[in-house]
Amino acid sequence: MIKLIVSALLLIALASVFAPLITPYDPDEVNLDALRQPPSLGHPLGTDNKGRDILSRVLYGGRISLSVALLAALLSMGIGLLVGLLSGYAGGKVDIAVMLVVDLVLAFPSLLLAIGISVILPPGIYTVMIAIAAVGWASFARLVRGYVLSVREAPFIEAARAIGCSTGRVLFVHLLPQCIPLVIVMMGLKLGGYIITEASLGFLGLGAQPPTPSWGSMVSANRVFIVSAPWMIIFPGLAIALTSLCFNMVGDFLRDRYGTEIKG
Amino acid sequence: MRLYIIKRLVLLIPLLLGITTITFTLTKALPGDPALSLVGERARPEVIENIRRELNLDRNVGAQYIGYLKLLFRGDFGRSYYTNRKVGEDLLAKFPNTLVLAVGAMLIAVPAGILLGFISAVKRGTAVDRAISSVSVIGLSLPVFWSGLLLMLLFSLKLRLLPPSGTGDVRFLVMPALTLSLPALATLTRISRTSLIDLFGMPYVRTARAKGLPEHRVRFVHVFKNALIPLVTVVGLDFGSYLNGAVLTETIFGWDGIGRFAMEGIIKRDYPVILGCIIIGTCVYVAINLLVDILYHYLDPRVRLHGGND
């Protein structure tokens, strides 16, 4: 089962990466002779109201959605690792203060925060990444901090300190590698949600700007045609749902296998 | 208990100060005159002059911040750039609609989620459990703006059972509430399954079984009742996801609430509206969290025993 899901995910990723090679159409090419055509052999997923090939647009949109979600996850992981390591290792008042902020961010409606960010930054993929990471780092920080607290007094850390390692060396050479497996599991659990957030922000018009295709903005731009040409919104939405589902299942699998201490 | 509530209320102060500082900074960061960006460019000159005086724009940043707080405290969020209406009044008018939608979604998600989680936990490892788990993973993976559109396509445009969009009685409420409830339903099913499975392994459950209680009594009285308490927190803390979802669901179904208001604000770059929605959303979120915590302390005698310590 898991092999099937991973293959599906790889297929989606590869198809998006190599979109320029496989798609017969330019995703932005307007074709007035093929407006709103239902799925057919020539256009497997149909065309939109400007005659653009939906399959091509979905594949190109995948490049944006996947890379934004992945980069946002890496950014969240990076910030979370740093904050978690420092907070857990420092302990005391620093730790209490940092965890207060983490709790606040964790439960705060992420879309509201993203909307707030969109007030200062112009809409676009970087805004989306920042918006996702602005919320996402907190779960990583909490996880890493918990782990660091539990091994802070372990013999291997004590030994490292005893032979005169600097705090920086203890943190980044001895503790950091220990956190990597946990963090990877967390990434698996979070990526599905990031795909959805990316799509939601795209739907709200805060993501990649037209004519660049992204899954969320395709659904939003085409929703007036829901009756006359439902394929125009069904397929981009299906791409979001399937990708998110695959990530969620891989995340669940990783958690059950390697990270039972992670709840959620 | 009273001490605990006071403590929580005191803790609210830095939180609200933090949020208003952020929105204040946003106002300052906007291009142009802060007074203009607060009231909108179409406001009358004397109004702008008033605001400028209120905000102490000729004074230092601290005084300006206090002026900003004073305005907010009076419910004065300025006027929309486009409609020139008072944002505060619009927020007040639209808030009940969002509340109705969120409560409607909770009425679907909470009983259904807990029930599914309970069935899943009782039938752990069987085909029923696997089916429920799969469905909940799928529910977690559906973007609400898409599932909402599909529901609309099916129920209003094909079957013609429900009106596709608008604000109104329960017929208008069904689809947006259902859409909004889906992710919460999935999350709740997963969480209640896990916590119930944990409870089934507790020694007191073994004791209950060992003394010969019928299985249904063990399940419903001993396990289920105990599981409800932590689930209250989960339901409450998940309220943020309803606020998230409300922006998307209200937009799709034309439900006249805060979420759609925010969305329109974003599209038109109507800053007073966006800031007003953020402030209201945050206040609601904070209030709900406080309520949940207080409720939790009332519900769980173990917490009440040393209430005020955490």
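Chains as they are written, first to last, in our numbering: chain A, 246 to 509; chain B, 85 to 394. Using N, Cα and C, we set each Cβ at its ideal position, and we do this for glycine too. Predicted model, so just to flag it, every value in this text is computed and none were measured.
Mapping the DSSP letters down to three states, classify residue i as helix, strand or coil.
i                     : result
residue 292 (chain A) : strand
residue 170 (chain B) : strand
residue 298 (chain A) : strand
residue 281 (chain A) : coil
residue 163 (chain B) : strand
residue 389 (chain B) : Because the pLDDT at residue 389 (chain B) is just 45, under 50, the model does not fix this residue reliably, and the point stays unresolved.
residue 140 (chain B) : coil
residue 337 (chain B) : helix
residue 457 (chain A) : coil
residue 424 (chain A) : helix
residue 402 (chain B) : With chain B running from 85 to 394 in the structure shown, residue 402 (chain B) is simply not present.
residue 431 (chain A) : helix
residue 366 (chain B) : helix
residue 274 (chain A) : coil
residue 398 (chain A) : coil
residue 409 (chain A) : coil
residue 251 (chain B) : coil
residue 322 (chain B) : coil
residue 414 (chain A) : helix
residue 210 (chain B) : coil
residue 509 (chain A) : Confidence at residue 509 (chain A) is low in this model, with a pLDDT of 46, below 50, so the placement of that residue should be treated as unreliable; the coordinate-derived value is given next. Note: residue 509 (chain A) maps to coil in three-state DSSP.
residue 471 (chain A) : coil
residue 268 (chain A) : coil
Using a Cβ-Cβ cutoff of less than 7 angstroms, which residues in the same chain neighbour residue i once the five nearest sequence positions on both sides are dropped?
i                     : result
residue 263 (chain B) : 228, 231, 232, 235, 333
residue 194 (chain B) : 272, 319
residue 284 (chain A) : 290, 291, 476
residue 261 (chain B) : 185, 188, 189, 192
residue 178 (chain B) : 340, 341, 342, 345
residue 147 (chain B) : 140
residue 454 (chain A) : 368, 369
residue 383 (chain B) : 313, 316
residue 151 (chain B) : 138, 139, 140
residue 481 (chain A) : 303, 306, 460, 463, 464
Excluding the five sequence neighbours on either side, which residues of its own chain have a C-beta within less than 6 angstroms of the C-beta of residue i, listed in chain order?
i                     : result
residue 256 (chain B) : 247, 250
residue 318 (chain B) : 275
residue 298 (chain B) : none
residue 381 (chain A) : 321
residue 343 (chain A) : 332
residue 390 (chain A) : 329, 332, 333
Apart from the five residues on each side of it in sequence, which residues of its chain come closer than 8 angstroms, Cβ to Cβ, to residue i?
i                     : result
residue 119 (chain B) : 132, 135, 136, 139, 141
residue 401 (chain A) : 419
residue 175 (chain B) : 161, 342, 345, 360, 361, 364
residue 267 (chain B) : 223, 224, 226, 228, 325, 329
residue 169 (chain B) : 163
residue 254 (chain A) : 488, 491, 492, 495
residue 500 (chain A) : 430, 433, 434, 507
Please look up how many angstroms separate the CB atoms of residue i and residue j, rounded, as I've assumed it's under 8 angstroms.
i                     : j                     : result
residue 308 (chain A) : residue 252 (chain A) : Residue 308 (chain A) to residue 252 (chain A), Cβ: 19 angstroms. No contact.
residue 462 (chain A) : residue 310 (chain A) : With a Cβ gap of about 10 angstroms, residue 462 (chain A) and residue 310 (chain A) do not count as contacting.
residue 356 (chain B) : residue 158 (chain B) : About 15 angstroms separates the two Cβ atoms, so there is no contact after all.
residue 273 (chain A) : residue 456 (chain A) : 5 angstroms
residue 110 (chain B) : residue 365 (chain A) : 6 angstroms
residue 441 (chain A) : residue 377 (chain A) : Incorrect: roughly 10 angstroms between the Cβ atoms, too far for contact.
residue 293 (chain B) : residue 302 (chain B) : 6 angstroms
residue 239 (chain B) : residue 259 (chain B) : 6 angstroms
residue 221 (chain B) : residue 490 (chain A) : 7 angstroms
residue 297 (chain A) : residue 275 (chain A) : 6 angstroms
residue 104 (chain B) : residue 156 (chain B) : 6 angstroms
residue 166 (chain B) : residue 354 (chain B) : 6 angstroms
residue 472 (chain A) : residue 100 (chain B) : Residue 472 (chain A) to residue 100 (chain B), Cβ: 46 angstroms. No contact.
Worksheet item: Taking a cut of 9 angstroms between CB atoms, which residues from the segment 457-469 of chain A lie near chain B?
Response: Those residues of the segment 457-469 of chain A that come within reach of chain B (Cβ to Cβ, closer than 9 angstroms) are 460, 461, 464, 465, 468.
Discussion item. With three or more C-beta pairs closer than 8 angstroms as the rule, is the segment 383-401 of chain A touching the segment 316-332 of chain A?
Written reply: Yes, since at least three Cβ pairs between the segment 316-332 of chain A and the segment 383-401 of chain A fall closer than 8 angstroms, the two stretches touch.
Worksheet item: How do the segment 397-406 of chain A and the segment 445-452 of chain A stand: do at least 3 beta-carbon pairs fall below 8 angstroms, yes or no?
Response: They do not touch, by the three-pair rule.
Worksheet item: For the 8 angstroms Cβ check, are there 3 or more pairs between the segment 283-296 of chain A and the segment 338-355 of chain A?
Response: Touching, no, given that fewer than three Cβ pairs across the two stretches are closer than 8 angstroms.
Fill in: chain A contacts made by the segment 364-379 of chain B, where a contact means CB separation under 8 angstroms
Under the 8 angstroms Cβ criterion, the segment 364-379 of chain B contributes 365, 366, 369, 373.
Discussion item. For the pair the segment 271-289 of chain B and the segment 198-211 of chain B, tell me if three or more CB-CB distances fall below 8 angstroms.
Written reply: By the criterion of at least three beta-carbon pairs nearer than 8 angstroms, the segment 271-289 of chain B is in contact with the segment 198-211 of chain B.
Worksheet item: Does the pairing of the segment 492-504 of chain A with the segment 419-437 of chain A give three or more beta-carbon distances under 8 angstroms?
Response: With a cut-off of 8 angstroms on Cβ pairs, the segment 492-504 of chain A is in contact with the segment 419-437 of chain A, counting three or more such pairs.
Worksheet item: Of the residues that make up the segment 199-233 of chain B, which ones have a beta carbon closer than 7 angstroms to any beta carbon in chain D?
Response: Annotation note: the requested chain D is absent from the structure, which comprises protein chains A and B.
Practice prompt. May I ask you to list, following chain order, the residues of the segment 132-148 of chain B that have a beta carbon less than 8 angstroms from some beta carbon of chain A?
Written response: Against chain A - using a Cβ distance shorter than 8 angstroms - the segment 132-148 of chain B contributes no residues.
Practice prompt. Quick one: which residues of the segment 345-360 of chain B get their C-beta closer than 7 angstroms to a C-beta of chain A? List them in chain order.
Written response: Flagged, chain order: 346, 347, 350, 351, 355, 358.
Item to complete: Please name the residues in the segment 469-480 of chain A whose beta-carbon is closer than 8 angstroms to at least one beta-carbon of chain B, in chain order.
Response: Taking a C-beta cut-off of 8 angstroms against chain B, the contacting residues of the segment 469-480 of chain A are 471, 472, 475, 478, 479, listed in chain order.
Practice prompt. Anything in the segment 419-440 of chain A with a Cβ closer than 9 angstroms to a Cβ of chain B? List those residues in chain order, please.
Written response: Residues 437, 438, 440.
Discussion item. What are the residues in the segment 292-320 of chain A lying within 9 angstroms of chain B by C-beta distance?
Written reply: From the segment 292-320 of chain A, no residue has a Cβ closer than 9 angstroms to chain B.
Worksheet item: Which residues, taken in chain order from the segment 485-499 of chain A, show a beta carbon closer than 9 angstroms to some beta carbon of chain B?
Response: Correct list: 485, 486, 487, 488, 489, 490, 491, 492, 493, 494, 497.
Discussion item. Output needed in chain order: residues of the segment 152-169 of chain B with a Cβ under 8 angstroms from some Cβ in chain A.
Written reply: Correct list: empty, as no residue qualifies.
Discussion item. At a CB distance below 7 angstroms, what residues from the segment 171-189 of chain B approach chain A? Give them in sequence order.
Written reply: The segment 171-189 of chain B vs chain A, Cβ under 7 angstroms: nothing.
Item to complete: With 7 angstroms as the C-beta to C-beta threshold (strictly closer), list the residues of the segment 378-395 of chain A near chain B in chain order.
Response: Within the segment 378-395 of chain A, no residue has a Cβ that lies closer than 7 angstroms to any Cβ of chain B.
Practice prompt. Using a Cβ-Cβ cut-off of less than 9 angstroms, list which residues of the segment 273-307 of chain B approach chain A; keep chain order.
Written response: Against chain A - using a Cβ distance shorter than 9 angstroms - the residues of the segment 273-307 of chain B are 274, 275, 278.
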